Ligand SMILES: [Zn+2]
């Protein structure tokens with residue numbers, strides 16, 4: 096348990112004012128549009144950012160699962176780390192904001208790459224899947240089905256991967272991402 100002094104509280108709120116929006120953006124959460132909530136499974140985006148009238152800070156709120164909080168809570172939850180580690184993660188040491196750690200910036204960049212990949216690949220899969228279903232619905236006989244037999248196999252893979260991207264945990268998505276990177280795709 097760390098105790099935060101009044102002065103440190105002020106530092107933290109300065110930090111939030113200066114950095115919250117940037118950090119949210121690095122995580123693919125934007126000011127003007129709703130995003131898929133990373134804390135519950137959903138198909139329609141319901142997570143948005145708002146500026147608190149009381150503290151004047153940027154916070155997130157999910158209209159689906161009700162999660163709500165500031166940037167510290169967001170990082171803590173999405174990274175699965177304690178409040179103390181969140182501060183370290185963000186380059187804040189004993190309440191004082193230090194220069195952002197290069198490693199942290201690098202980590203945030205990697206996270207952003209990972210999230211961009213998830214979004215892009217999800218779009219790619221949805222598209223393939225939709226097209227495949229259009230083709231499939233027009234088959235007239237077994238010969239045509241057999242010509243496309245390869246796609247019946249792929250369909251399973253696409254469904255499996257889409258399921259992970261839409262409803263999987265962060266870890267499952269990350270495993271999928273790693274698998275892709277390993278295969279050099
Ligand atoms: Zn949610």
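Numbering (our numbering), first residue to last: 96 to 280. We put the CB at the ideal spot given by N, CA and C, even for glycine. Predicted model, so just to flag it, every value in this text is computed and none were measured.
In the three-state scheme derived from DSSP, where H, G and I count as helix and E and B as strand, residue 213 is classed as helix. Between residue 259 and residue 271, the beta carbon gap of about 5 Å places them in contact (Cβ cut-off 8 Å). Between residue 158 and residue 181, the C-beta spacing is not below 8 Å.
Taking non-hydrogen atoms of ligand 1 into account, the C-beta of residue 134 is found less than 7 Å away from one of them. With a 10 Å radius around the Cβ and a threshold of 16 neighbouring Cβ atoms, residue 126 comes out exposed. Residue 153 is not a Cβ neighbour of residue 142, given a cutoff of 8 Å.
The DSSP-derived three-state label of residue 145 is strand. In this structure, the alpha-carbon of residue 160 lies about 31 Å from that of residue 106.
When rounded, the separation of the alpha-carbon atoms in residue 241 and residue 135 is 39 Å.
If you draw a straight line from the Cα of residue 110 to the Cα of residue 172, it comes to about 19 Å.
In this structure, 112 is the residue among 219, 204 and 112 with its C-alpha nearest to the C-alpha of residue 149. Residue pairing by DSSP places residue 154 opposite 145 in a beta bridge. The distance from the Cβ of residue 257 to that of residue 217 is about 7 Å, consistent with a contact at the 8 Å cut-off. Taken through DSSP and simplified to helix, strand or coil, residue 181 comes out as helix.
Annotation: residue 123 to residue 237 spans about 45 Å, alpha carbon to alpha carbon. In this structure, the C-beta of residue 142 approaches ligand 1 to less than 7 Å from one of its heavy atoms. The beta carbon of residue 206 lies closer than 8 Å to those of 121 and 122 in the same chain, with the five residues before and after it left out. About 7 Å separates the Cβ atoms of residue 119 and residue 155, confirming a contact at the 8 Å cut-off. Exposure of residue 138 is indicated by the presence of fewer than 16 other C-beta atoms within 10 angstroms of its C-beta.
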